[in-house]
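All remarks here apply to the structure that follows.
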Amino acid sequence: MMTRLGALATPSGRAWMTRGFGVATLTWLLTLVMVPFLLAHETQARAVTVASAGTYLVGSLICHQRPDRSFRPWGVQMPVCTRCVGLYLGAAVGVVLAGARKTRSSTGGETARIGRPALRTMVLVAAVPTGVTWLGEVVGWLSVTGGVRAVAAVPLGVAVTWVASLVIRGELA
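Numbers 25 to 197, taken from this note's numbering, label the letters of the sequence shown in order.
Below, the structure is given as structure tokens:
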């Protein structure tokens, strides 16, 4: 008899995990955008307050949430900084691209397997814009806007999410 964990390693289990990962990634990005919108259009609903507080709490676990480094759509600070927004936007793009790749490869036969060295290189190259902006700010060489921080982080979000989707689908060589 197969255990629950063993069931996740089956093709159908991996398909469910892949879908779940995609839904969670897209939902998190949507939540990051919707929370400021809902707070700006306050309806005094307790559910909005609780959901917003939870989102900011989760955001604080992974982000400094500095007001001077955060977007303020609708006049409300987002739950994460601009760099994190870029990472999550990239993650959403990565999930969509990984899904499109899977759809295309499932109709065309065998999927080409990507080796670990190539994936490491891809992630390192994708991290360069984020690393350059971060290091440049730390040492005082660059003064970067929030928009630049966000855009610089998108490639890293795409690359890491792509690799995570390969791991979930069991496609690493």
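The beta-carbon is built from N, C-alpha and C at its ideal position, and this holds for glycine as well.
Under 8 Å, do residue i and residue j count as touching if we go by C-beta distance?
i, j, result
"A188", "G110", "no"
"T154", "L166", "no"
"V168", "G160", "yes"
"P179", "A150", "yes"
Spatial neighbours of residue i within its chain, please: C-beta separation below 8 Å, excluding the five flanking residues on both sides.
i, result
"I138", "L190, E195, L196, A197"
Rounded to whole angstroms, what is the Cα-Cα separation between residue i and residue j?
i, j, result
"W186", "L50", "14 Å"
"A33", "A71", "37 Å"
"Q89", "V100", "12 Å"
"R38", "M102", "33 Å"
"L81", "W52", "13 Å"
"T79", "L148", "29 Å"
"T135", "T67", "With a pLDDT of 48 at T135, under the threshold of 50, the modelled position of this residue cannot be trusted, and the question is left open."
Leaving out the 5 sequence neighbours to the left and right, which residues in its chain are closer than 7 Å to residue i when beta-carbon positions are compared?
i, result
"G46", "V119, G123"
"C105", "C87, H88, Q89, R90, R93, S94"
Could you pull out every residue in the same chain whose Cβ sits closer than 6 Å to the Cβ of residue i, ignoring the five residues on either side in sequence?
i, result
"G132", "Reliability of the predicted coordinates at G132 is poor, the pLDDT of 48 falling under 50, and the value obtained from them is presented with this limitation in mind. Once the five neighbours on either side are set aside, G132 has no close Cβ partner at all."
Tell me where the alpha helix (DSSP H) around residue i begins and ends.
i, result
"P103", "Per DSSP, P103 belongs to no alpha helix (DSSP H) and is neither H nor E."
"W158", "140 to 162"
"W186", "170 to 193"
"R38", "35 to 64"
"L81", "70 to 86"
Using 8 Å as the Cβ pair cut-off and three pairs as the minimum, do the segment 88 to 98 and the segment 58 to 71 touch?
By the Cβ criterion, the segment 88 to 98 is in contact with the segment 58 to 71, since at least three pairs of Cβ atoms, one from each stretch, lie closer than 8 Å.
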